[in-house]
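Numbering (this note's numbering), first residue to last: 46 to 363.
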Ligand code: 13P
Ligand code: SF4
């Protein structure tokens, strides 16, 4: 059932909800994790803000909490559950899915394996469902995709679902054949960036450096001064001496960079680069998940065990 997204709130309403959440969080001994793509008002009440892998690792290590509220999209909360199966993991809005994750099913992996009839390992991005991870050999993130593929030590891999991340891996490892599954998997947010718009922004800020996520199209990656994962972009933003930085990734991360480094100017490379799926989580829903302990992530044991194997293989290889 799709949940209704409330209209924009006043600063007073935000402060009131945040206060309610902080109180409930204490009472329930809950740990709140938020992805960088969440609205700042949610990031502010989180115990930890991070990228998908960092948050899952934090969920794995959060042994003292009674429950975890995972403000992100569904596959992220699932990954957290796989890494900490005994923990109660709640997602504020169960309808917050990732359209990229939905583009590679377990059935598609099985069919592709049969089609090729060769022993080719299947590497899937963490942006996949637990079922898909269970059907794969190993997972990867945007930070470690090339390292995972390199350390597999093979000449050919199936890679899904993001085609652009696969092309980025191929560029880093030209000797490896990277076969995309599906053929054209993509993130609708990162695909929105284009060279013409970035060049227009550069006219206004000629000294600006450009940073891009590897889910962006190859031509955008080619003109970027730096291509990196969410965590890498956060680090770049902190360390760079550039005053103006054009950023090709989701708006939440750009808001965060501007919040953390007010002396620098981070410019979103396309103002429509907003993940509406991530924004399905709201303060009201974070409060409700604490209050009613609702929308728990449940993964069947068989899927859990196989998906865990693929994730642990990633840790072994990196
Ligand atoms: P990270 O794994 O870098 O957090 O990114 C997740 C994502 O959804 C990118 O679009
Ligand atoms: Fe999925 Fe793209 Fe949104 Fe990331 S930004 S959660 S890949 S739709």
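For glycine and all other residues, C-beta sits at the position ideal for the given N, C-alpha and C. All of these numbers come straight from a predicted model, not from anything done at the bench.
Residue i to residue j span [Cα, whole Å]
{"i": "residue 316", "j": "residue 244", "result": "14 Å"}
{"i": "residue 186", "j": "residue 171", "result": "6 Å"}
{"i": "residue 162", "j": "residue 155", "result": "11 Å"}
{"i": "residue 314", "j": "residue 218", "result": "28 Å"}
{"i": "residue 67", "j": "residue 284", "result": "32 Å"}
{"i": "residue 205", "j": "residue 90", "result": "33 Å"}
{"i": "residue 282", "j": "residue 86", "result": "21 Å"}
{"i": "residue 166", "j": "residue 362", "result": "13 Å"}
{"i": "residue 212", "j": "residue 71", "result": "45 Å"}
{"i": "residue 301", "j": "residue 262", "result": "23 Å"}
{"i": "residue 250", "j": "residue 277", "result": "23 Å"}
{"i": "residue 184", "j": "residue 108", "result": "24 Å"}
{"i": "residue 318", "j": "residue 233", "result": "9 Å"}
{"i": "residue 296", "j": "residue 82", "result": "7 Å"}
{"i": "residue 328", "j": "residue 64", "result": "11 Å"}
{"i": "residue 129", "j": "residue 303", "result": "33 Å"}
{"i": "residue 149", "j": "residue 57", "result": "42 Å"}
{"i": "residue 280", "j": "residue 197", "result": "27 Å"}
{"i": "residue 290", "j": "residue 308", "result": "12 Å"}
{"i": "residue 47", "j": "residue 274", "result": "Unreliable placement is indicated for residue 47, whose pLDDT of 48 sits below 50; no coordinate value is reported for it."}
{"i": "residue 305", "j": "residue 224", "result": "39 Å"}
{"i": "residue 88", "j": "residue 164", "result": "43 Å"}
{"i": "residue 105", "j": "residue 353", "result": "12 Å"}
{"i": "residue 214", "j": "residue 235", "result": "17 Å"}
{"i": "residue 192", "j": "residue 239", "result": "27 Å"}
{"i": "residue 294", "j": "residue 265", "result": "11 Å"}
DSSP beta-bridge partners of residue i
{"i": "residue 289", "result": "310"}
{"i": "residue 78", "result": "93, 115"}
{"i": "residue 320", "result": "Paired residue(s): none; residue 320 is not in a bridge."}
{"i": "residue 222", "result": "201"}
{"i": "residue 341", "result": "135"}
The beta strand (DSSP E) enclosing residue i, as first and last residue numbers
{"i": "residue 145", "result": "Counting along the chain, residue 145 falls outside any beta strand (DSSP E), and DSSP gives it neither H nor E."}
{"i": "residue 183", "result": "183-185"}
Supposed close pair residue i, residue j - CB separation, criterion 8 Å
{"i": "residue 356", "j": "residue 123", "result": "Not a contact, Cβ separation roughly 10 Å."}
{"i": "residue 330", "j": "residue 138", "result": "5 Å"}
{"i": "residue 114", "j": "residue 126", "result": "That pair is no contact at about 13 Å."}
{"i": "residue 256", "j": "residue 292", "result": "6 Å"}
{"i": "residue 181", "j": "residue 168", "result": "7 Å"}
{"i": "residue 230", "j": "residue 195", "result": "With a Cβ gap of about 21 Å, residue 230 and residue 195 do not count as contacting."}
{"i": "residue 359", "j": "residue 118", "result": "Not a contact, Cβ separation roughly 19 Å."}
{"i": "residue 62", "j": "residue 78", "result": "Contact flag wrong, Cβ pair sits at about 18 Å."}
{"i": "residue 146", "j": "residue 173", "result": "5 Å"}
{"i": "residue 111", "j": "residue 141", "result": "About 22 Å; that fails the 8 Å criterion."}
{"i": "residue 298", "j": "residue 188", "result": "Contact doesn't hold; Cβ gap of about 14 Å is too wide."}
{"i": "residue 179", "j": "residue 351", "result": "4 Å"}
{"i": "residue 69", "j": "residue 332", "result": "7 Å"}
Endpoints, alpha helix (DSSP H) assigned at residue i
{"i": "residue 172", "result": "Note, residue 172: premise wrong, no alpha helix (DSSP H); not H, not E."}
{"i": "residue 217", "result": "208-217"}
{"i": "residue 350", "result": "346-362"}
{"i": "residue 88", "result": "85-88"}
{"i": "residue 60", "result": "56-73"}
Requested in this report: Note down, one range per segment and in chain order, each beta strand (DSSP E) of at least 3 residues found wholly within the segment 111-170.
Outcome: Qualifying beta strand (DSSP E) stretches, in chain order: 112-116, 133-135, 167-170.
Query raised in the report: If you scan the segment 225-304 from start to end, which runs of the alpha helix (DSSP H) of 4 or more residues do you find wholly inside it?
Result: Qualifying alpha helix (DSSP H) stretches, in chain order: 240-249, 263-268, 275-284.
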